[in-house]
Each structure stands twice: as C-alpha cells, then as structure tokens.
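Colleague: Pasting a structure below so you can have a look.
Numbering (the numbering used here), first residue to last: 1 to 282.
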C-alpha cells in the first residue's frame, strides 16, 4: 500500500493527529513551530486546514474534550485551551529549567491524558489525573506513541531511541517488550477496531501494520523518510492519516522527497477506534 500527500502545508515536525468525531475535524501539531492545526478531511482524502493556534514554545501533543475544548502539552506544562480562545494553566509536568520537552500524548479509555517526554537524561511517561501527574515510567530514552486495545485492557507505548514497543495490562500491569525494530525508529502509533497496531517509523518512510502480538502484517509506504504518527479519521474511521517531518533531512533528502512534512492519507482496509475524549473532571 502507498499513502498519498493530503495537504499543502509543509511542517518541520508534524505530529499527533487526532480525529474529533463530534465536530468532524482533524487536529494535529507542528511541534517545534508551537502550532496546533485544525482541518477538514475531504472525500478525496485531502485535508483542508481551517484554522490554528500558536504557542510561545513547543506543542508536543493535544487532546479534545467532549465539548470541543483542547488540552495542549506545551514544552513542560499542560494548558486548557477553551473554545472561546482563553487559556488556563493546568499542571507543570517537567521541572523548570529541565532539558527537553513534552512529546506524544493520548487519552486513555477513562478520559485521562497521558504524555511523555524527551531530551533529558531519564524520560518519563505520566498520567494527568485529579489535577496532578502520576508517573507511569521514569526510565525511558524518548517517550513516544501511546494506544490501547479495543477493550482498553492492553496499553501500548513506544520508546523510540531503544527502538522498542512495549505492552502492559492497563492501568497497573508490568511493562513488557512486544517487539523492537532494526530498520528505523518507532514513533507514533494507533490501534484499529480489530486490535491491530499501525506504527509510524521515523527514518523508514513507512507505517507498519502489526498484529496485537507484534507480527508484521503489512506496510504502507510513505514518500517522506520521517514518518511521525498516525490516526484513523473520517465519518467511517476508515482513512489513515499520517504526519511527517522535514526535521534532520538534508537538502538532497528534500529534493528526493519533496512531500516531506506534509500530511498523507491512505485507505488501508481497516477501521479505527473512536478517539476517547479528555475528561477535565478526571
């Protein structure tokens, strides 16, 4: 299978696609630009950007509340972006002055937001709940993609530099290795309605389709070496949206892969899971 370019914008570090079914909108970020984008998925598979929001530093990930408000993971803290545009600080995740930033995040089946970090000595994965953060992992190299099985009982997470995808019983099971990559680095991932994994491979120009036990079932080729994340979108949750980046690509790389940094889409014969809404009360 091969994905095709779906948008005109070129992002330095496109990431974190989220489908908001209630408003039929796609949301994603350009991390280093500090930008949150909103767009419409057209019937031809293209994405038309409709508006966006800017933040003073990085934006690692976003989540959507049932009413349409957004939770934004800024460089080291979480912010509530209200529908009227006002912003409320929620929690500091990383200490002031700590190297690095927040990275990929996702909402668990109970409506709580999880987010990880990169760029420091020992990276963390935390769960935001009851106004504070509970540490889940504190020994990662670069916390990345997060997803749950259809019944919510299994939790998948990525540690990019170690090239490892983990699985554990959720919420309190012990972490165990599911599989590792030897070609490229695992980045963002999602799970479809059948329980299969879809994993973006940074440096590999592809999305891997894997079984719940880690068996490789297929590949979606993407004409952008740095494939960053994935999500199922559209009214039928049958369009795979793929974000990509131009970060760390040479001039020769960009000439060879001019669509790097764009959104891509593909119909892969699978249906995604509804994205859980963030519950501010949790």
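Glycine included, every Cβ here is placed at the ideal spot set by N, Cα and C.
This one's a predicted model, so the numbers in the text were calculated from it and none came from an experiment.
1) On the DSSP bridge list, what partners appear for residue 156?
2) Tell me the rounded alpha-carbon separation between residue 205 and residue 232.
3) Let me make sure I understand the geometry here. Which of 235, 215, 211, 200 has the alpha-carbon closest to that of residue 223?
4) Please classify residue 40: does DSSP put it in a helix, a strand, or coil?
5) Could you have a look at residue 253 and say whether DSSP puts it in helix, strand or coil?
6) Using a Cβ-Cβ cut-off of 8 Å (strictly less than) and excluding sequence neighbours within five positions of residue 65, which residues of its own chain qualify?
7) When the Cα atoms are used, what is the spatial distance from residue 85 to residue 16?
8) Can the beta-carbon of residue 226 be found closer than 8 Å to that of residue 209?
9) So what's residue 266 in DSSP terms, helix, strand or just coil?
10) Would residue 83 and residue 68 be called neighbours here (beta carbons separated by less than 8 Å)?
11) Could you spell out where the beta strand (DSSP E) holding residue 58 opens and where it closes?
12) For residue 25, which of helix, strand or coil comes out of DSSP?
13) Write down every uninterrupted run of the beta strand (DSSP E) in the stretch 84-132 whose length is 3 residues or greater and which is fully enclosed by it, in chain order.
14) Would you tell me roughly how many angstroms separate the C-alpha atoms of residue 270 and residue 192, rounded to the nearest one?
15) Between the C-alpha atoms of residue 130 and residue 203, what's the straight-line distance to the nearest angstrom?
16) Beta-carbon within less than 7 Å of residue 48's beta-carbon, same chain only, minus the 5 sequence neighbours each way: which residues are those?
17) When the Cα atoms are used, what is the spatial distance from residue 35 to residue 10?
18) Using the Cβ count rule (16 or more neighbours within 10 Å means buried), how would you classify residue 6?
19) State the start and end residues of the unbroken beta strand (DSSP E) segment that holds residue 242.
20) In terms of residues, what are the limits of the beta strand (DSSP E) holding residue 208?
21) Under the three-state reduction of DSSP, which class applies to residue 161: helix, strand or coil?
22) Whose C-beta lies closer than 7 Å to the C-beta of residue 113 among residues of the same chain, with five residues either side of it excluded?
23) Have a look at residue 301 and residue 50 and give me their C-alpha separation to the nearest angstrom.
24) Alpha carbon to alpha carbon, how far is residue 97 from residue 149? Give it in angstroms, no decimals.
25) Based on the DSSP output, what are the partners of residue 232 in its beta bridges?
26) By DSSP, does residue 280 sit in helix, in strand, or in coil?
27) Output needed for residue 176: all residues of its chain with C-beta closer than 8 Å, excluding positions within five of it in sequence on either side, in chain order.
28) Does DSSP put residue 80 in a helix, a strand or coil?
Modeller: So, from the data block:
1) 147, 167
2) 18 Å
3) 200
4) strand
5) helix
6) 71, 277, 278, 279, 280
7) 21 Å
8) no
9) strand
10) yes
11) No beta strand (DSSP E) contains residue 58, which DSSP labels as neither H nor E.
12) strand
13) 87-92, 101-107, 113-118, 123-129
14) 7 Å
15) 38 Å
16) 39, 40, 42
17) 12 Å
18) buried
19) 239-245
20) 206-210
21) coil
22) 63, 71, 105, 107, 128, 278
23) Since the first and last residues shown for the chain are 1 and 282, residue 301 lies out of range.
24) 36 Å
25) 240
26) coil
27) 166, 167, 168
28) strand
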